[in-house]
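For the sequence shown, counting from 1, position 371 maps to 530 in the working numbering; every step adds exactly one. See below for the structure under consideration.
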Amino acid sequence: MLQDKRLIEYHFDRNDTNYAVGDIFLGTVRKVMPGLNAAFVDIGSEKDAFLHYGDLGEQYPSLQKWVNGVMKHQTQTPGLEGFTLEPPLDKVGKADSVFKKGQALLVQIVKEPISTKGPRVSTDISMAGRYLVLLPFTNSISVSKKIVSKAERDRLKRLIASIKPEGFGVIIRTVAEGHEVAELDRDMQSMVDNWNLLYENLRKGQPRDKMLGELGRTSSMLRDMLNESFDSIVVDTPGRFEEMKGYVQKIAPDKVGLVKLHNNKVKVFENLGIEKQLKTLFGKTVSVPGGGYLVIEHTEALHVVDVNSGSKSNQENDQEATALMINLGAAREVARQLRLRDMGGIIVVDFIDMRSAESRKKVEDAVYNIMKQDKAKFTILPITKFGLMQITRQRVRPAETIVTGEVCPTCGGTGKISASIQVTDEIDNSIDDLLVNQNQQGLALFVHPFLHAYYTKGLVSKQMKWYLKYYKWVKVVKDSSLGLTDFRIEDEQGEQIELHSAAGAMARAQDREIITDSVD
């Protein structure tokens, strides 16, 4: 996602996983862990899913009653009209009083597998639409806190009460503000259709089966994020273009014109400047506009961001003002990086020390004002006297990582090159071997610009010394594509000469010196 041509969100759709947030599985309790007050559930993933007692939800007894009835074909219709709800689950309880090994559970993924951990699941099932969220086994209607108008909140509640099916509760999302009943009813019907599909799949389902899949990453992003601020949605493949156009036509017909197919020969990422931003923004070191830079490190337990002043600190006399200026720029970039990389869990930011409490408050406000645009839940703690800020951010999937390095053209990725101190000896011995032993003429030596200066500069250059020694001129040519320790030699026809090993050339040169000494 771009804002003012700057990348603010980047999502990568992985094809190597079958488990996305929102997917619903029929799992089996593998192991009950009283010490953790949780259970591990087999849903077919490499690592068992983790289900904590606190993630069961108050409607867990009703859900289990419904699931058992559907699987035993005792429940004949998907609707909840006439379904008798069970008493709500105690908020404080013991996992071993609820779970039994081998028990079938209908679970929904709330966090994707991260690092060595399996997915985290919940039995508090919900179905998200564009304007509404459908909640089974309750009749409550709630409205997003971001809708502040009491009149609008009351209007939406009345509309939803008139169209919602019995036995289902509804959360009215922020984007529903101002929309009419027809749009809300269409969204409601779509979610009811999904519930009916879940019912049919559950009737014939087996443990570890996916009962209902969430929308693809692209469609779910549009469902959750598409709003009046969007200028365009650019797609670079005809198939995906038709898919996205159809989905937008379904959820927001007035915005279908925003979906555009990229036909340019230049790749869409290059054309929009995204490729360069990815390379510069996902590295370990990130420059901060206005001066300074961030160093971002990731560990199993937390993420660490170190703010550095760079050369900026040497240009100002007022250290407090300089620290504040750099920290304010860094604060905005830190908030952007958290959203861009989807970094979750605990983040510790080491700002440049500031003595003034007022300065620290300005930096805290800068971080908050950027992060409040983020859909992920977060908490920011005040900056300590050591300059440390702690942030917690909702983590539902692994942080995005992009390899920004490239294979070194000099070492080929081995991490080793010839010792730079030897390269001039190798060149000297190769030139000597070609001019003396092979009687070559009109040689051209191609070297890195640094070596070119070494061989050609000076009153009596190395190039001139060769001429005085061999009475043959060797042309020295700059080639910036060569590494510092690389070189090549061409003959007078411009053909590259296959050089003997440096050791062989050196040995022959040493042999000649020995013979010359013995003759003398």
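We put the CB at the ideal spot given by N, CA and C, even for glycine. For clarity, every value in this text was computed on a predicted model and none was experimentally measured.
Point to revise | Candidates SER301, ALA263 and VAL229, of which the one nearest ASN355 by Cα | key: As a first step, residue 355 must be located in the sequence shown, where it is residue number 196. When each option's Cα is compared against that of ASN355, the closest is VAL229.
Practice item. Starting from the C-beta of ASP368, find all residues in its chain whose C-beta is less than 6 Å away, skip the five residues before and the five after it, and write them out in chain order. Key: Here residue 368 is taken as the residue at index 209 of the sequence shown, counted from 1. Counting only Cβ-Cβ distances below 6 Å, and skipping sequence neighbours, we find LEU185.
Review point. Got a sec? Which residues, its chain only, sit under 6 Å from LEU594 by beta carbon, not counting five neighbours each side?
Key: By 1-based counting over the sequence shown, the position of residue 594 is 435. Excluding sequence neighbours, LEU594 sits near TYR629 and LYS631.
Check your understanding: Three-state secondary structure (DSSP) at VAL307?
Key -> In the sequence shown, the residue the question calls residue 307 occupies position 148. The answer is coil: DSSP assigns VAL307 none of H, G, I, E or B.
Review point. Between MET286 and GLN408, what straight-line distance do the alpha-carbon atoms span, to the nearest angstrom?
Key: Position 127 of the sequence shown, counted from the start, is the residue given in the question as residue 286. Position 249 of the sequence shown, counted from the start, is the residue given in the question as residue 408. Taking the straight line joining both Cα atoms gives about 20 Å.
Review point. Rounded to a whole number of angstroms, what is the C-alpha to C-alpha distance between THR563 and TYR219?
Key: Taking the first residue of the sequence shown as position 1, residue 563 is located at position 404. Taking the first residue of the sequence shown as position 1, residue 219 is located at position 60. Any reading at THR563 must be qualified, since the residue scores a pLDDT of 49, below 50, and its modelled position is unreliable; no value is offered.
Check your understanding: If we ignore side chains and look at the alpha-carbon of each, how far apart do ASN360 and ASP512 end up?
Key -> In the sequence shown, the residue the question calls residue 360 occupies position 201. In the sequence shown, the residue the question calls residue 512 occupies position 353. So the two alpha carbons sit approximately 58 Å from each other.
Exercise for review: Counting only the same chain and skipping the five closest in sequence on each side, list residues whose C-beta sits under 6 Å from that of LYS323.
Suggested key: Within the sequence shown, the letter at position 164 stands for residue 323. Cβ neighbours of LYS323 beyond the five flanking positions: VAL329.
Exercise for review: Output the distance between the C-alpha atoms of GLY601 and ASP650, rounded to the nearest integer angstrom.
Suggested key: As a position in the sequence shown, residue 601 is number 442, starting the count at 1. As a position in the sequence shown, residue 650 is number 491, starting the count at 1. So the alpha carbons of these two residues sit roughly 6 Å apart.
**Study point:** Environment of GLN597 [buried if 16+ CB atoms lie within 10 Å]
**Key:** Locating residue 597 in the sequence shown gives position 438, where the first residue counts as 1. By the neighbour-count rule (16 or more Cβ atoms within 10 Å), GLN597 is not buried but exposed.
Check your understanding: For VAL257, which option in TYR212, VAL266 and VAL280 has the closest C-alpha, if you only look at C-alpha atoms?
Key -> Locating residue 257 in the sequence shown gives position 98, counting from the first residue. VAL257 has its Cα closest to that of TYR212, out of TYR212, VAL266 and VAL280.
Review point. Helix, strand or coil for ILE433 per DSSP?
Key: Sequence index remark: in the sequence shown, residue 433 carries index 274 (1-based). Looking at ILE433 - three-state DSSP - the assignment turns out to be helix.
**Study point:** Reference GLU205, options GLY277, GLN581 and THR481, closest by Cα
**Key:** Here residue 205 corresponds to residue number 46 of the sequence shown, with the count starting at 1. GLU205 has its Cα closest to that of GLY277, out of GLY277, GLN581 and THR481.
Exercise for review: Going by DSSP, name the residue or residues bridged to ASN467.
Suggested key: Here the question's residue 467 lines up with position 308 in the sequence shown. DSSP, once it has assigned bridges, lists TYR452 as partnering ASN467.
Review point. Count the other CB atoms within 10 Å of the CB of ARG317; is the residue buried (16 or more) or exposed (fewer)?
Key: On the sequence shown, position 158 is the one that residue 317 refers to. Its Cβ having fewer than 16 others within 10 Å, ARG317 is exposed.
Review point. Which one or two residues does DSSP pair with PRO295 in a beta bridge?
Key: Residue mapping note: residue 295 aligns to position 136 of the sequence shown, counting from 1. The partner list for PRO295 (beta bridge, DSSP) reads PHE327.
Check your understanding: Going by the CB atoms, is the gap between VAL633 and LEU604 shorter than 7 Å?
Key -> The residue you call residue 604 lines up with position 445 of the sequence shown. The residue you call residue 633 lines up with position 474 of the sequence shown. Yes, the pair counts as a contact, with Cβ atoms nearer than the cut-off.
Check your understanding: Taking C-beta to C-beta, are GLU488 and VAL447 nearer than 7 Å?
Key -> For the purposes of this step, residue 488 is identified with residue 329 of the sequence shown, where counting begins at 1. For the purposes of this step, residue 447 is identified with residue 288 of the sequence shown, where counting begins at 1. The question names Glu, but residue 488 is Gly in the sequence shown. Yes, they are a contact pair.
Point to revise | Straight-line gap, GLN233 to ALA263 (C-alpha atoms, nearest Å) | key: Position 74 of the sequence shown, counted from the first residue, corresponds to residue 233. Position 104 of the sequence shown, counted from the first residue, corresponds to residue 263. Approximately 16 Å, taken between the alpha carbons.
Review point. Does the Cβ-Cβ distance between LYS373 and ALA179 come in under 7 Å?
Key: Locating residue 373 in the sequence shown gives position 214, counting from the first residue. Locating residue 179 in the sequence shown gives position 20, counting from the first residue. Residue identity differs from the one stated: residue 373 is Glu in this sequence, not Lys. In contact: GLU373 and ALA179 (Cβ atoms closer than 7 Å).
Review point. Given 8 Å as the limit, is there contact between the region 259-273 and the region 191-202, that is, 3 or more CB pairs closer than that?
Key: yes
Exercise for review: Count the other C-beta atoms from every protein chain shown that fall within 10 angstroms of the C-beta of MET484, then say buried if there are 16 or more, exposed otherwise.
Suggested key: The count along the sequence shown starts at 1 and reaches residue 484 at position 325. By the neighbour-count rule (16 or more Cβ atoms within 10 Å), MET484 is buried.
Practice item. Would you mind giving the Cβ-Cβ distance between ILE683 and ALA320, rounded to the nearest angstrom? I have them listed as a contact below 8 Å. Key: For residue 683 there is no data in the structure shown, the boundaries of the chain being 160 and 679.
Review point. Can you list the alpha helix (DSSP H) stretches of 4 or more residues lying completely in the region 324-393, in chain order?
Key: 340-363 and 376-384
Exercise for review: Pull up the CB-CB distance for ILE455 and VAL466, whole angstroms please, since I reckon it's below 8 Å.
Suggested key: Looking up residue 455 in the sequence shown gives position 296. Looking up residue 466 in the sequence shown gives position 307. 11 Å between Cβ atoms; not a contact.
Exercise for review: With a 10 Å radius around its C-beta and 16 neighbouring C-beta atoms as the bar for buried, classify PRO541 as buried or exposed.
Suggested key: The count along the sequence shown starts at 1 and reaches residue 541 at position 382. Exposed: under 16 other Cβ atoms inside 10 Å.
Review point. Taking the C-alpha atoms as reference points, what is the distance between LEU294 and LEU453?
Key: Residue mapping note: residue 294 aligns to position 135 of the sequence shown, counting from 1. Residue mapping note: residue 453 aligns to position 294 of the sequence shown, counting from 1. Each residue's alpha carbon lies about 43 Å from the other.
Check your understanding: Is it a yes or a no for the region 532-541 touching the region 489-503, going by three-plus beta-carbon pairs under 8 Å?
Key -> yes
Check your understanding: Based on the DSSP output, what are the partners of ALA254 in its beta bridges?
Key -> Locating residue 254 in the sequence shown gives position 95, where the first residue counts as 1. ALA254 pairs with nothing; no bridge assigned.
Check your understanding: Whose C-alpha, out of PRO237, LYS443, GLY288 and LYS404, is nearest the C-alpha of TRP225?
Key -> By one-based count along the sequence shown, residue 225 stands at place 66. The option with the nearest alpha carbon to TRP225 is PRO237.
Exercise for review: Taking GLU339 as the reference, give the member of VAL292, ARG314, ALA516 and GLN348 with the closest Cα.
Suggested key: As a position in the sequence shown, residue 339 is number 180, starting the count at 1. Comparing Cα-Cα distances from GLU339 to each of VAL292, ARG314, ALA516 and GLN348, the minimum goes to ARG314.
Check your understanding: Skipping 5 residues on each side, what residues in its chain have a beta carbon closer than 7 Å to that of VAL302?
Key -> Counting from one through the sequence shown, the residue named residue 302 turns up at place 143. Taken in chain order, the residues that qualify are ARG312, LEU315, LYS316 and ILE331.
Review point. What is the rounded straight-line gap between the Cα of ASP163 and the Cα of LEU431?
Key: Mapped onto the sequence shown, residue 163 falls at position 4. Mapped onto the sequence shown, residue 431 falls at position 272. Their Cα atoms are separated by approximately 11 Å.
Practice item. Please go through the region 208-289 and give each complete alpha helix (DSSP H) segment of 4 or more residues, from N-terminal end onward. Key: 219-230
Review point. For VAL619, which of helix, strand or coil comes out of DSSP?
Key: Taking the first residue of the sequence shown as 1, we reach residue 619 at position 460. VAL619: coil per DSSP, three-state reduction.
Practice item. Provide the residue span of the beta strand (DSSP E) that contains PHE199, from first to last. Key: Looking up residue 199 in the sequence shown gives position 40. Start and end: 197-201.
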